[in-house]
Amino acid sequence: MDKFKISGGHPLSGEVPVSGSKNSALPALAACLLTDEPVTLKRIPQARELQTREMPVAHTGAKILDRNGTVEVEARDLERPEAPYDVVKTMRASSLVLGPLVARTGRARVSMPGGCAIGARPINLHVSALEHLGAEIQQSHGYVEAVALDGLRGGEVHFDRITVTGTEDVLMAAVLARGETVIRNAAREPEVTDLADLLTKMGARIEGAGTSIIRVEGVERLHGTEHAIIPDRIEAGTFLLAAAITRGDLMVSDCNPEHVGALIMKMRQAGAEINEDGDSIRVRCPNSAKAVDVTTEEYPGFATDLQAQYMAWMTVARGISFVTETIFENRFMHAPELTRMGANIRIEGRQAIIAGEEQLMGTQVIASDLRASASLVLAALIAKGESTIHRVYHIDRGYEQIERKLAQVGAKIERVQ
Ligand code: EPU
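If you want the numbering used here, it's the 1-based position in the sequence shown plus 676.
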């Protein structure tokens, strides 16, 4: 298993480009199953989760050609509208093929995702939304089986709570359903809008993506197209925080500043100087941060996927901050590891109370999930001495060569095999 060795105390400077969004690329690959014509997706990040994501798509019989970030998918014959356990056992987002498969073939059999380090992550909302479009769904032996032999029909879906992949799943199903579908309390994340843009290019009729009510007028068939995935807002946010924690001066390029608006606001309050210029953001942070509270929320609120990295910054801020996690029930796994590095954090239910310290100390820590690993990398960048981060396969799932990008802007980080 690979580890990172990081020697702390080097401010980041220079320019770092952002890759395509992992969480946009995942539904985009699934959406290719909705047409028998080739779809070309550009800017697919070279993250492990995408490589494993291609597996269930390929398993259905679709042909995939992956050329350095440009992926062509041709789902002419879907011989196997299923995602068996062996193919999806390490993936959380396996449910994303459920909607497209049942919409295109009238049948889907998908192994249910297990829980993961950050929470139980059930898919009950995906299931009931698809039932509202006429799918008959059975869950047994660890599988979800959806059947709609006469095709799906449009319907009213009202999500009890906002779900990102649930919204994406039902959106992909609704585009081929007969008649109109209205999705209420839909997720407004940029990844949902990106998916709607791709589907529209494929011939779908969608209104309201990016708002909490999405209307879809079903069409008979979709066609091939070409689409570039949006920049990864979580990677952009991770770099902004990496610059701030090291008190550096960094240009984060090829991103969409609007997508990290909530983070930028908090970072300015905490004392970072941030200038947006087109698709770049310059961040400077000559002094230590002031403690500022955050509460995670659905978009456009503060992203849960940046909570761990923000907490790393607050461990060396002046004063006491409260970080409240409202999306996932167990997303503070980084806190005990940060504490081993000298941070002062107390967890009370869904709230972390952080008293800023002068200095963190390098040591050995274990990454528990994707964003927790990123927060440990950030902490190690300013810790005194050397840190070793174990189980970096978690970070490889979602970031494209993070150590190479950080090293290019001055971090002393190396991968040890
Ligand atoms: N939920 C249910 N039932 C469902 C679906 C969700 O109770 O059927 C609950 C979840 O357990 C959670 C909340 O609703 O408490 C929100 O979950 P959501 O469905 O929005 O999360 P997701 O779609 O599974 C995506 C991202 C996550 C990101 C969340 C929240 C992808 C592939 N994953 O997950 O990304 O944290 O939205 O923004 O898009 C990451 O990249 O590290 C990551 C975990």
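Even glycine gets a Cβ: it sits at the ideal position worked out from N, Cα and C.
With respect to Glu-974, Arg-864 sits close: the two C-beta atoms are nearer than 8 Å. The nearest non-hydrogen atom of ligand 1 is 7 Å or more from the C-beta of Val-764. The beta-carbon distance between Gly-831 and His-808, rounded to whole angstroms, is 4 Å. This is short enough to meet the 8 Å contact definition. Secondary structure note for Glu-1013: its alpha helix (DSSP H) is the uninterrupted segment 1010-1016.
Put simply, the backbone Cα of Asp-953 is about 24 Å away from that of Lys-698.
Excluding five sequence positions before and after Trp-989, the CB atoms of its chain that fall closer than 8 Å to its own CB belong to Leu-917, Ala-920, Ile-921, Ala-946, Ala-965, Leu-1054, given in chain order.
Nearest neighbour of Met-731 by Cα position, chosen from Met-1009, Lys-718, Pro-757, turns out to be Pro-757. DSSP, reduced to helix, strand and coil, places Phe-1004 outside both helices and strands of the structure shown, so it counts as coil. Taking Val-823 as reference, the option from Val-846, Ile-838, Leu-777, Ser-787 with the minimal CA-CA separation is Leu-777. A Cβ-Cβ contact shorter than 8 Å links Gln-722 with Gly-745. Secondary structure within the region 728-798: the beta strand (DSSP E) runs of 3 or more consecutive residues, fully enclosed, are 739-743, 746-750, 783-787 (chain order). Rounded to whole angstroms, the gap between the alpha carbons of Leu-1082 and Leu-926 is 11 Å. With a threshold of 16 other beta carbon atoms within 10 Å, Ile-940 meets it and is buried. Under the 8 Å Cβ criterion, the region 1063-1074 counts as touching the region 1043-1052, having at least three qualifying pairs. Distances from the CA of Met-848 to each of Arg-881, Asp-836, Ala-984, Pro-976 were compared; the closest alpha carbon is that of Arg-881. Linking Ile-950 to Cys-931 through their CA atoms gives a straight-line distance of about 14 Å. The beta-bridge partner set that DSSP reports for Leu-926 consists of Gly-690, Val-959.
If you compare the alpha carbons of Thr-843, Ile-1021, Leu-825 with that of Ala-805, the shortest gap goes to Thr-843. Inclusion of Lys-698 in the 7 Å shell around ligand 1 follows from its C-beta lying nearer than that to a non-hydrogen atom of the ligand.
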